[in-house]
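If you're matching positions, the sequence shown starts at 1 in the UniProt record's numbering and goes up one per residue.
Virtual Cβ for every residue (Gly too), placed ideally from N, Cα, C.
One structure is given here, and the rest of the page talks about it.
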Amino acid sequence: MKGPLFYSKILLFGEYGIIKDSKGLSIPYNFYKGALKIDESLSEEAKNSNESLKEFAKHLEGLDAELVTFDIEALQNDLAKGMYFDSSIPQGYGVGSSGALVASFYDKYAHDRITVLENLTREKLLKLKVIFGEMESFFHGKSSGLDPLNSYLSLPILINSQDNIEPTGIPSQNEAGTGAVFLLDSGIIGETAPMVNIFMESMKQEGFRNMLKDQFIKHTDSCVEDFLKGDVKSLFGNLKSLSKVVFNNFKPMIPQQFHSLWKQGIETNDYYLKLCGSGGGGYILGFTQNIEKTKETLKDHKLEVVYNF
Numbered sequence: 001m002k003g004p005l006f007y008s009k010i011l012l013f014g015e016y017g018i019i020k021d022s023k024g025l026s027i028p029y030n031f032y033k034g035a036l037k038i039d040e041s042l043s044e045e046a047k048n049s050n051e052s053l054k055e056f057a058k059h060l061e062g063l064d065a066e067l068v069t070f071d072i073e074a075l076q077n078d079l080a081k082g083m084y085f086d087s088s089i090p091q092g093y094g095v096g097s098s099g100a101l102v103a104s105f106y107d108k109y110a111h112d113r114i115t116v117l118e119n120l121t122r123e124k125l126l127k128l129k130v131i132f133g134e135m136e137s138f139f140h141g142k143s144s145g146l147d148p149l150n151s152y153l154s155l156p157i158l159i160n161s162q163d164n165i166e167p168t169g170i171p172s173q174n175e176a177g178t179g180a181v182f183l184l185d186s187g188i189i190g191e192t193a194p195m196v197n198i199f200m201e202s203m204k205q206e207g208f209r210n211m212l213k214d215q216f217i218k219h220t221d222s223c224v225e226d227f228l229k230g231d232v233k234s235l236f237g238n239l240k241s242l243s244k245v246v247f248n249n250f251k252p253m254i255p256q257q258f259h260s261l262w263k264q265g266i267e268t269n270d271y272y273l274k275l276c277g278s279g280g281g282g283y284i285l286g287f288t289q290n291i292e293k294t295k296e297t298l299k300d301h302k303l304e305v306v307y308n309f
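Here is the structure:
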């Protein structure tokens with residue numbers, strides 16, 4: 001058995017902000033992918049995956065039956081045969097490794113599932129998001145459900161607010177363009193839950209809440225609008241502001257050894273960095289109008305281009 005492939009995702013804009021109703025934009029990233037598999041002989045890694053899937057299956061059995069039910073018998077049979085999740089998606093890197101796993105389980109075992117081929121009304125999308133949030137909470141504590149939704153639909157998703165999401169089109173890539181969105185490998189695995197806890201603690205301070213509303217969310221929303229419109233000039237102005245706000249207010253989420261690189265980008269205007277997912281490690285997201293120059297500047301780091309414009 002080899003299940004269908006589910007891809008990783010990149011939340012271009014909206015990390016942390018979407019918890020407080022900022023806009024967000026999430027895109028599939030087909031470089032990494034995962035699928036459910038059954039093999040006769042299991043590697044050590046596959047055995048570990050199989051064991052953790054058994055725990056995940058228990059979590060699924062405990063979900064609200066009015067929201068979603070699963071073919072637990074088929075699932076248990078497959079697990080007994082040694083089913084595992086075969087994935088190239090790095091864990092703890094902010095590109096949705098658990099999201100792809102959740103999407104693959106829903107696709108294979110959920111009863112009465114909402115399919116990608118249906119007319120996806122806002123109600124259906126929101127229902128999927130809630131189901132996926134409950135499923136993914138096994139991995140992260142609290143989950144928005146967006147990563148699995150992106151992986152399941154394999155479409156860019158525009159988040160207008162927590163209860164208003166829609167599939168969207170993004171400007172087509174210009175392979176010959178000098179501008180790029182890129183991933184910078186921090187070389188450290190990030191843990192989502194501790195970062196979210198730091199954020200929630202900070203939210204108790206009025207100053208932090210005001211900064212989030214007046215600066216962070218304002219610049220995030222503008223970046224989403226500029227990106228979808230293809231307004232590069234305005235986008236880079238807003239990216240610079242966003243990069244500064246993150247640098248000044250989200251320091252715990254930026255690995256220490258990247259503080260100077262982050263600042264250098266803002267000071268030289270060569271590139272701007274932002275968080276990819278919850279931060280604390282994993283990937284850092286970057287935007288540049290001159291990718292060749294940026295590659296040269298960051299040549300001591302692992303850099304992956306994900307989108308050209």
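Check: Under three-state DSSP, which class holds Y109?
Finding: helix
Checklist line | Contacting residues, own chain, Cβ-Cβ under 6 angstroms from V224 (five flanking each side not counted) | finding: F13, K23 and L25
Next item on the list: May I ask which residues mark the beginning and end of the alpha helix (DSSP H) holding A74?
Entry: I72 to A80
Next item on the list: Helix, strand or coil for S8, going by three-state DSSP, please let me know.
Entry: strand
Next item on the list: Count the other CB atoms, across all protein chains shown, that sit within 10 Å of the CB of E136; report buried if there are 16 or more and exposed otherwise.
Entry: buried
Notebook entry, point to check: At a cut of 8 angstroms, does the region 89-98 reach the region 271-289 through at least three beta carbon pairs?
Noted result: yes
Checklist line | Same chain, Cβ closer than 8 angstroms to I266, neighbours up to 5 away in sequence not counted | finding: K240, S243, K244, F247 and Y272
Next item on the list: Note the first and the last residue of the continuous beta strand (DSSP E) segment covering L36.
Entry: G24 to K37
Next item on the list: Within the same chain, show all residues whose beta-carbon is closer than 8 angstroms to that of T220, passing over the 5 residues directly before and after it, in chain order.
Entry: F13, G14, G17, S22, K23, G24 and L242
Notebook entry, point to check: Cβ of T69 within 7 angstroms of Cβ of H140?
Noted result: no
Checklist line | Span of the beta strand (DSSP E), counted from its first residue to its last, around L176 | finding: Per the sequence shown, residue 176 should be read as Ala rather than Leu. No beta strand (DSSP E) contains A176, which DSSP labels as neither H nor E.
Check: Taking just the CA atoms, how far does I198 sit from Y152?
Finding: 29 angstroms
Note to self: Once DSSP output is grouped into helix, strand and coil, what is the label at S87?
What the structure shows: strand
Note to self: Can you tell me whether E134 is helix, strand or coil according to DSSP?
What the structure shows: helix
Next item on the list: Starting from F227, trace the alpha helix (DSSP H) both ways and give me its first and last residue.
Entry: I217 to K229
Margin query: If distances are taken between C-alpha atoms only, which option among G282, D231, F287 and L298 comes closest to S260?
Written below: L298
Check: What do you get for P28, buried or exposed, if any count of 16 or more other CB atoms within 10 angstroms of its CB means buried?
Finding: buried
Item checked: Counterpart residues of L303 in DSSP-defined beta bridges -> L184
Margin query: Distance check for A46 and Y84, CA to CA, integer angstroms please.
Written below: 6 angstroms
Notebook entry, point to check: In three-state terms, what does DSSP make of Y16?
Noted result: coil
Check: Would you say the region 277-294 touches the region 177-197, given that touching needs at least three Cβ pairs under 8 angstroms?
Finding: yes
Next item on the list: Provide the residue span of the alpha helix (DSSP H) that contains L298, from first to last.
Entry: Here L298 belongs to no alpha helix (DSSP H), and DSSP marks it neither H nor E.
Checklist line | Reference F182, options P4, F6 and I10, closest by Cα | finding: I10
Notebook entry, point to check: Buried or exposed: where does A62 fall if 16 or more other Cβ atoms within 10 Å of its Cβ makes it buried?
Noted result: Reading off the sequence shown, one finds Gly at residue 62, where the question assumed Ala. Exposed, because fewer than 16 other Cβ atoms sit within 10 Å of the Cβ of G62.
Item checked: Pairwise C-alpha distance: Q205 and I165 -> 29 angstroms
Next item on the list: Classify V102 as buried or exposed, calling it buried when 16 or more other Cβ atoms lie within 10 Å of its own Cβ.
Entry: buried
Next item on the list: Starting from the Cα of G99, find the closest Cα among L158, D71 and G145 and give me that residue.
Entry: G145
Notebook entry, point to check: Say the cut is 6 angstroms; is the CB of E206 nearer than that to a heavy atom of the ligand FAD?
Noted result: Here there are no bound small molecules, and the ligand FAD is not part of this structure.
Notebook entry, point to check: By a C-beta neighbour count over all protein chains shown, 10 Å radius and 16 as the cutoff for buried, is I72 buried or exposed?
Noted result: exposed
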